[in-house]
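Since the structure comes first, as structure tokens, the remarks are kept for the end.
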Amino acid sequence: MEKNLVLCRSKYGSAQRYADMLREEYSCDVEDAKNCKRIDFSSYDTVILVGGVYAGAIAGMKNLKNSFHALTGKRVAVFCVGASPYDPENIEHLKKNNLTGPLADIPIFYGRGAWDESRMSFSDRAMCWIFKKLAVHLNDTSCEPWLKELVMSPDKKYDWVERKNLMPLLNFLHETKP
Ligand SMILES: Cc1cc2nc3c(=O)[nH]c(=O)nc-3n(C[C@H](O)[C@H](O)[C@H](O)COP(=O)(O)O)c2cc1C
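Count the sequence shown with the working numbering and you get residues 488 to 665, in order.
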């Protein structure tokens, strides 16, 4: 029987929620991506990284890259979780910047996460404050969509996590063989 592994990196819980939903929908083991060194990849057919996006970087990507030698011949996919609304261009951009070198051919999927500044660490809140200050001075095309939205309604909490956002990844898993 096919064995699937989800590697997850989540600071504030949305990527973890998607990883848990994936486990319910597609029978996977779920591990923190930071434990990669201790994982025996040889027993898995499929490895999926589910990671939050922070300042354009997909969390867990470094762990995946370091384990790449163990992933040869396996089906590998990345599901990233950000505050941006779904936008194929933005996803392409994330792919180009994060899936480099030997990872360039890995398919990437996207689910919108959550936003709650009251739960952020001091340094993340400070970073987001700087992003938002900068965003006010950017023109429409150079300001990222998630920042635009947050600048417009700065103190709100958002939760955009929805099971249906996993559908494209689930279709890929059902339609391809490891
Ligand atoms: C410091 C920081 C930087 C972020 N940068 C981005 C970003 O570049 N693009 C984006 O779409 N969302 C960004 N976000 C929003 C997160 O991706 C979003 O809150 C996501 O749900 C985080 O996943 P998590 O809940 O698993 O930690 C950022 C959030 C923080 C705290």
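Ideal Cβ positions, reconstructed from N, Cα and C, are used throughout, including at glycine.
Local conformation of residue i per DSSP, three classes
i, result
"L536", "strand"
"E604", "helix"
"Y519", "Per the sequence shown, residue 519 should be read as Asp rather than Tyr. Three-state result, D519: strand."
"G500", "coil"
"D646", "strand"
"I595", "strand"
Which listed residue (the options) has its alpha carbon closest to that of residue i
i, options, result
"A601", "V568, D611, T663, N577", "V568"
"R525", "L494, A570, F659", "L494"
"R562", "K498, T533, R606", "T533"
"L656", "Y513, M607, Y499", "Y513"
"A570", "L590, K490, L558, A544", "A544"
Buried or exposed by the 16-neighbour rule on C-beta atoms within 10 Å, applied to residue i
i, result
"A542", "exposed"
"R496", "buried"
"K664", "exposed"
"M548", "buried"
"V540", "buried"
Bounding residues of the alpha helix (DSSP H) (the contiguous stretch that carries residue i)
i, result
"V638", "632-639"
"N652", "Run containing N652: none; DSSP gives neither H nor E here."
"R612", "609-624"
For this session: Mind the definition here: the segment 612-623 touches the segment 549-558 only if three or more C-beta pairs lie below 8 angstroms; say whether that holds.
Result: No contact exists between the segment 612-623 and the segment 549-558.
Exercise. Taking three-plus beta-carbon pairs below 8 angstroms as touching, is the segment 503-516 in contact with the segment 633-652?
Worked result: The answer is yes - the segment 633-652 touches the segment 503-516, with three or more Cβ pairs under 8 angstroms.
For this session: Pair every Cβ in the segment 593-600 with every Cβ in the segment 518-534, then say whether three or more of these pairs are closer than 8 angstroms.
Result: Remark: fewer than three beta-carbon pairs, one from each stretch, lie closer than 8 angstroms, so the segment 593-600 and the segment 518-534 are not flagged as touching.
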